[in-house]
Amino acid sequence: MTALYRYLMSSVLLSQRYLPPTLIFLAAMAVGTTSDNGPLQSSYSFCVLAMLVCTTWLAVSIVNHEDPTQHKITLVMIGSSLRVLAITVTIVLTWCVPLLLVGIVYPIVTGKHVVTAGDLVVGAAAQLGAAMIGIAIGLLCSRLVIPRIGVAMLTAAAAIIAVLLLRWISPIRPLMTLLSDGRTPGGAAVPVTLLTAVAATILIAAVFATRALADRKE
Amino acid sequence: MEVVRLRKVSKRYGRRKILADVDLPVNAGELLALVGANGSGKSTVLKLMVGLSRPSAGTVRRNARVVSYVPDVFASHDRLSASAYLRHMGRIRGLSSQVARDRAGELLDRLALSGGADTPMRKLSKGNAQKVALAQALLDPPQLLVLDEPWSGLDSTAHATLRELLTEAAGQGAAVAFTEHSDLVARSTATRVCELRDGQLQPAGIRPAALTEISLIAGAEVDWSRQPDVLEVRRHDTGVTLMLPTGRHDAALLTALNHGWSVTTVRQVKPE
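Protein sequence lines, in the order shown, are assigned to chains H and V.
Numbering-wise, our numbering puts 173 at position 173 of the first sequence, and it's gapless, one number per residue.
With the second sequence counted from 1, adding 218 to any position gets you our numbering.
Set out below in structure tokens:
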């Protein structure tokens, strides 16, 4: 498993496919949070939105990076499509770590906020939840499920709009509402943690659904 | 020992029936060739053997820990070099970095990868990419080796090497299954040939094709490995000995005579 992680990570690193979503995330941070002097959690609410979009893109890029013929070789070597998918998701999560750090630190550095440890924890949990929902959407819109890239892009865009507009189909809208309604970090901590746990459950469900849909095609 | 067995396997894609009631065991040490027309279901049988596809009906039983697969087209867009790629593949197989590096070097040398092992995968030609795909399959001696048209894209020098590698793998106890369009190439390599027709298996048995061996004394420079239909080139002190399919050797004889070579013997041989 470690060897597969190292191989996929090296391959993704050299491909530079992670660059566009990463740069878009940095640009979104610069536009949306620079010189903000409101509550820190409101800035984090914007980071949740940027994280959702960029992790969806990142997940699609990384899952689609492996050539289909190489993917078959990898599947035969490992012997389990679920294990290969789990490692791929781990790679995407690894790439989310620097984004998460930027998303936590950038608004503090460039804005004027009162910073507490509670704010940081709540902001990190909320952005992690958004990243997991983004990865879940990305997996279901990857080549493993939707082979045509145009259809996949439209589906991903529709899914992102749906999770932003419809309140109870994912934890994204409740997370953004919680962060922007002026609650104290103590008051937001429990619901944000629960919503992040729901996001983790959705990601796990997306992994199994992607595996089932990809295997069904064969 | 049966390494893989397809029992009463049928496969459908939507309404289209690809395979019907295929019953096919492959034993350790066996070289099985699947021949048939385009769309006859050869690649589907291979995918079923390695678990890339699941049967619509019937069962596939595998009794192999190390399974290797070579797809029909291997076009990697990776920026990794061929040697780095093979090192990663070896590690995934459970080999140490050093063993994987040594084994990769040995295989690439035998397959004569042009451009060197440090060439990025995405810059390899089709034939060279196919050589790397073959090398990844043989890094760790497989118990089940499945190859989809492995000769496709390879130059004729590599044809002989591939035949040697497959025979060696079978000699080490692997069950080897491959597809091939050329009936002749299949028969000159395999210990058993099966034909797929309309999704049904037609056992063709062991019926090796006749080959012709031509011994020549050297004349002007000729790259015999690049001549059409030449299956094998054995070099010796005074010239070469060629192996060709019987009935397809006239062009080689003409080339030899036109380039000042002397023909010492022409004899028909039957592969064992």
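Where a beta carbon is used, it is the ideal one built from N, C-alpha and C, also for glycine.
Note that this is a predicted model, so its numbers are computed, not measured.
Item                                                                                                                                : Value
Contact with chain V by residue 218/H, beta-carbon distance below 8 Å                                                               : yes
Chain-ordered residues of the region 66-89 of chain H with a beta carbon less than 8 Å from chain V                                 : 67, 69, 70, 72, 73, 74, 75, 76, 77, 78, 79
Contact residues within the region 314-337 of chain V, judged by C-beta distance below 7 Å to chain H                               : none
Cβ distance (whole Å) where residue 409/V is taken to contact residue 367/V below 8 Å                                               : Not quite, the Cβ-Cβ distance comes to about 19 Å (not below 8 Å), so this is no contact.
Alpha-carbon to alpha-carbon, residue 88/H and residue 5/H                                                                          : 8 Å
Beta bridge counterpart(s) of residue 299/V as assigned by DSSP                                                                     : 338/V
Three or more C-beta pairs below 8 Å linking the region 24-40 of chain H and the region 84-103 of chain H                           : yes
Near-chain H residues of the region 375-404 of chain V - C-beta to any C-beta below 9 Å                                             : none
Among 172/H, 208/H, 71/H, nearest to residue 159/H - alpha-carbon criterion                                                         : 172/H
Validate contact between the region 179-188 of chain H and the region 322-341 of chain V using beta carbons, cut 8 Å, 3 pairs       : no
Listed by chain order, chain V residues near residue 126/H by CB distance under 8 Å                                                 : In chain order: nothing, as chain V lies at least about 36 Å away.
Any C-beta of chain H under 8 Å from that of residue 454/V                                                                          : no
Contact under 8 Å by Cβ, residue 267/V with residue 351/V                                                                           : no
Chain-order list of residues whose beta-carbon lies under 8 Å from that of residue 339/V (same chain, five-residue window excluded) : 294, 295, 296, 297, 298, 299, 300, 303, 347, 350
Under 8 Å between C-beta atoms of residue 123/H and residue 60/H                                                                    : no
Minimum length 3: unbroken beta strand (DSSP E) runs contained in the region 259-297 of chain V                                     : 275-280, 285-288
Residue of 40/H, 30/H, 10/H minimising C-alpha distance to residue 181/H                                                            : 40/H
C-alpha gap between residue 222/H and residue 262/V, whole angstroms                                                                : This structure does not reach residue 222/H, given that chain H is present from 1 up to 218, and the question cannot be answered.
Bridge partners - residue 463/V, DSSP secondary structure assignment                                                                : 429/V
Whole-angstrom distance between residue 452/V and residue 259/V, CA atom to CA atom                                                 : 36 Å
Contacts that residue 61/H makes with chain V (C-beta to C-beta distance below 7 Å)                                                 : Within chain V, no residue comes near residue 61/H; the closest Cβ sits about 13 Å away, beyond 7 Å.
Burial state of residue 113/H (16 or more Cβ within 10 Å)                                                                           : buried
Start-to-end residues for the alpha helix (DSSP H) that takes in residue 231/V                                                      : No alpha helix (DSSP H) contains residue 231/V, which is instead part of the beta strand (DSSP E) from 220-231.
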